[in-house]
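**Student:**
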Amino acid sequence: MKVLMVCDQYPLPPRLVNMRNSILAAVPDAQVDVAAWNRSGIQVKESFVFSLDSSIGYGNQMKKLLELPKVLGYVKEILKKEQYDVVHSVDFEMMFVASLCKANQKLIYEVYDIKFFGNKLFNLGRTVLEKWSIKRKVDGIIFASPYFGEYYESIIRDLPSARVINNKPQQHAEFGKDSGFMDPYKEEIGNRTVVSFIGLIRYPEILKNLMAVMAERKDEMVLLLAGDGPDKAALVEYSNEIHMSNIIYTGRFQSRDLQSIYSVTDIVWAAYPNDDQNVYYAVSNKFFESQVFMKKIIVSERTLLGQDVFRKGIGVCVDPYSVESIGAGLGKVNELQYPHRRNEDCFWQDEEHRIRELYESLL
């Protein structure tokens with residue numbers, strides 16, 4: 168079986184890499200290539216990646232929409248040259264592109280996020296095109312959240328065959344080994360409680376609210392920002408403005424460093440913008456990582472994930488736009504006793520059988 172995965176970013180997201188490896192493991196003699204829309208001009212390293220290079224960058228939705236015809240032509244050309252059996256598209260725009268240029272190939276639509284637009288007209292257009300594509304072109308769906316199905320079942324009758332593949336961490340050979348990544352910071356941390364934001368640094372408005380609260384608790388707490396991202400510079404500037412001394416920026420890290428990061432972490436911050444409809448349905452990979460490492464978690468209230476966290480007793484919910492709510496939440500979660508057990512099925516490998524089932528259904 169020959170599979171072409173289509174995504175709108177490069178470097179390849181970790182979930183796509185995991186998915187590709189799982190398809191290779193699940194399908195005998197599979198060939199899995201990737202057509203990536205490389206919008207940052209980074210040199211491609213992988214031999215299995217077809218790269219459409221562009222300089223428009225990330226974050227400008229209008230520029231992205233105007234460039235989609237180029238992506239359509241690029242993917243169409245690849246499908247003409249190579250005889251693929253399955254096109255595995257990631258998120259709405261790439262699914263719509265694939266639906267227009269596929270011939271006899273089976274089409275899988277993998278939903279990382281539901282692409283709600285702030286503009287009502289754009290959002291209506293997205294809904295109409297997505298429903299049309301799913302009903303007429305899509306053969307199988309993969310949801311990255313168990314709650315995405317609720318949304319799609321509410322707008323589309325008779326969905327194609329669907330599977331939930333949660334965004335869980337990989338259980339690799341180095342799991343459980345401390346890489347020493349956090350060793351340089353342990354003396355600075357001391358005996359204080361560590362609240363950690365781990366991953367791509369974004370949502371500066373919300374993180375500034377957290378920083379404002381944490382700055383007042385410098386004797387008891389440390390804020391750890393483990394990772395990098397476009398909003399890091401603004402947060403560094405803000406922490407200097409408020410003279411925040413109890414904050415640590417580690418910069419980029421590798422997956423092998425997670426054990427070290429979580430070993431010093433007491434509370435995981437995973438409260439994202441709850442005025443975003445996608446966040447209402449989404450489940451962060453930090454939710455699963457926090458369970459793997461048995462750490463308490465703070466998430467946004469008025470979300471389905473928040474209800475799950477509350478029900479499991481593994482964290483608290485806050486309004487991420489309210490300093491008062493964040494302050495109260497930090498107090499509550501600090502007093503919370505985490506259940507002394509690890510939930511089963513916390514790893515990506517526990518999801519792989521559903522990938523195999525979906526692909527077998529398309530053969």
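If you read the sequence shown in this note's numbering, its first letter stands for residue 168, the second for the next number, and so on.
For glycine and all other residues, C-beta sits at the position ideal for the given N, C-alpha and C.
With a floor of 3 residues, list each beta strand (DSSP E) that falls wholly inside the region 447-502, ordered by position along the chain.
**Tutor:** The qualifying runs are 463-467, 482-485.
**Student:** Please state if the CB of Pro-371 and the CB of Pro-440 are separated by a distance shorter than 8 Å.
**Tutor:** Going by C-beta atoms, Pro-440 is not nearer than 8 Å to Pro-371.
**Student:** Roughly how many whole angstroms lie between the Cα atoms of Lys-298 and Tyr-448?
**Tutor:** Rounded to the nearest angstrom, the two C-alpha atoms are 18 Å apart.
**Student:** DSSP puts Ala-382 in a beta bridge; with which residues?
**Tutor:** Ala-382 pairs with nothing; no bridge assigned.
**Student:** Alpha carbon to alpha carbon, how far is Lys-499 from Gly-357?
**Tutor:** Lys-499 and Gly-357: Cα-Cα distance of roughly 22 Å.
**Student:** Ordered along the chain, which non-local residues of its own chain (more than five positions away) have a Cβ less than 7 Å from that of Arg-523?
**Tutor:** Closer than 7 Å at the Cβ level, and outside the excluded window around Arg-523, lie Ala-193.
**Student:** Roughly how many whole angstroms lie between the Cα atoms of Leu-390 and Gln-210?
**Tutor:** Near 34 Å, if we compare the C-alpha coordinates of Gln-210 and Leu-390.
**Student:** Could you please give the first and the last residue of the uninterrupted alpha helix (DSSP H) stretch that includes Val-295?
**Tutor:** 287-303 is the span of the alpha helix (DSSP H), which, as asked, contains Val-295.
**Student:** Looking at C-beta atoms only, is the number of pairs between the region 367-382 and the region 450-463 that lie closer than 8 Å three or more?
**Tutor:** They do not touch, by the three-pair rule.
**Student:** Quick one: Cα of Tyr-319 to Cα of Val-199, how far?
**Tutor:** About 28 Å.
**Student:** Is it buried or exposed, Asn-376, if we count other Cβ atoms within 10 angstroms and call 16 or more buried?
**Tutor:** Burial call: buried.
**Student:** Looking only at C-alpha atoms, which of Gly-473, Asp-345, Gly-494, Tyr-405 sits nearest to Tyr-429?
**Tutor:** Residue Asp-345 is the option with its Cα nearest to Tyr-429.
**Student:** With the cut-off set at 8 Å, would you say Val-184 and Ala-202 are in Cβ contact?
**Tutor:** Cβ distance not < 8 Å, so Val-184 and Ala-202 don't count as in contact.
**Student:** How would you write the range of the alpha helix (DSSP H) that Gln-228 sits in, first residue to last?
**Tutor:** Counting along the chain, the alpha helix (DSSP H) containing Gln-228 begins and ends at 228-248.
**Student:** Compare the beta carbon distance of Phe-455 and Leu-472 with 8 Å and say whether it is the shorter of the two.
**Tutor:** Their beta carbons are not under 8 Å apart, which means Phe-455 does not touch Leu-472 by this criterion.
**Student:** Let me know if Val-431 comes out buried or exposed under the rule of 16 or more other beta-carbons within 10 Å of its beta-carbon.
**Tutor:** Counting Cβ neighbours within 10 Å, Val-431 comes out buried, since at least 16 surround it.
**Student:** If you follow the beta strand (DSSP E) that Lys-169 is in, where does it begin and where does it stop?
**Tutor:** Looking at the DSSP string, the run of the beta strand (DSSP E) that includes Lys-169 is 169-174.
**Student:** Would you report the Cα separation of Glu-383 and Leu-402, rounded to the nearest angstrom?
**Tutor:** Roughly 17 Å separates the two Cα atoms.
**Student:** Can you name, in chain order, every residue of its own chain whose Cβ lies under 7 Å from the Cβ of Glu-234, other than the five neighbours on each side?
**Tutor:** The residues are Ser-221, Ile-223.
**Student:** For Lys-243, which residues of its own chain have a beta-carbon under 7 Å away from its beta-carbon, when the five flanking residues on both sides are left out?
**Tutor:** Cys-268, listed in sequence order.
**Student:** Kindly provide the ranges of any alpha helix (DSSP H) runs that are 4 or more residues long and lie completely inside the region 346-420, ordered along the chain.
**Tutor:** Entirely contained in the region 346-420, the alpha helix (DSSP H) runs reaching 4 residues are, in chain order, 353-356, 371-382, 399-408.
**Student:** For Ile-481 and Ile-464, what's the separation of their Cα atoms in angstroms?
**Tutor:** The straight-line gap from Cα to Cα measures roughly 7 Å.
**Student:** Under the assumption that Thr-470 contacts Val-446 (Cβ atoms under 8 Å), give the Cβ distance between them as a whole number of angstroms.
**Tutor:** Yes, they are in contact, since the Cβ atoms of Thr-470 and Val-446 sit about 6 Å apart, within 8 Å.
**Student:** Between the Cα of Ser-363 and the Cα atoms of Val-170, Ile-308, Met-378, which residue gives the shortest distance?
**Tutor:** The option with the nearest alpha carbon to Ser-363 is Met-378.
**Student:** Would you kindly work out how many angstroms separate the C-alpha atoms of Gly-240 and Leu-219, rounded to a whole number?
**Tutor:** The straight-line gap from Cα to Cα measures roughly 10 Å.
**Student:** Going along the chain, which residues of its own chain have a beta-carbon closer than 7 Å to the beta-carbon of Trp-568, five neighbours each way excluded?
**Tutor:** With the chain represented from 168 up to 530, any question about residue 568 goes unanswered, as that position is not in the structure.
**Student:** Provide the residue(s) that pair with Ser-310 in DSSP beta bridges, ordered along the chain.
**Tutor:** A small correction: the amino acid at residue 310 is Phe; Ser does not occupy that position in the sequence shown. For Phe-310, which the question treats as bridged, DSSP gives the partners Val-278, Val-331.
**Student:** Please classify Pro-336 as buried or exposed, where buried requires at least 16 other C-beta atoms within 10 Å of its C-beta.
**Tutor:** Pro-336 should be labelled buried.
**Student:** What is the residue span of the alpha helix (DSSP H) that Asp-258 lies within?
**Tutor:** Its alpha helix (DSSP H) spans residues 258-268.
**Student:** Just to confirm, is the Cβ distance from Leu-392 to Ile-409 under 8 Å?
**Tutor:** No. Outside cutoff.
**Student:** Using a Cβ-Cβ cut-off of 6 Å (strictly less than) and excluding sequence neighbours within five positions of His-255, which residues of its own chain qualify?
**Tutor:** So the qualifying residues of the chain are Val-170, Met-172, Ile-275.
**Student:** Would you kindly work out how many angstroms separate the C-alpha atoms of Gly-343 and Gln-426, rounded to a whole number?
**Tutor:** Cα to Cα, the separation comes out at about 6 Å.
**Student:** Cβ of Leu-497 within 8 Å of Cβ of Val-305?
**Tutor:** For Leu-497 and Val-305, no; Cβs fall outside 8 Å.
**Student:** So what does DSSP say about Ala-438, is it helix, strand or coil?
**Tutor:** Correct three-state label for Ala-438: coil.
**Student:** Which word fits Ile-434, buried or exposed, when buried means at least 16 other C-beta atoms lie within 10 angstroms of its C-beta?
**Tutor:** Buried is the call here.
**Student:** DSSP on Leu-530, reduced to helix/strand/coil?
**Tutor:** Coil, per DSSP.
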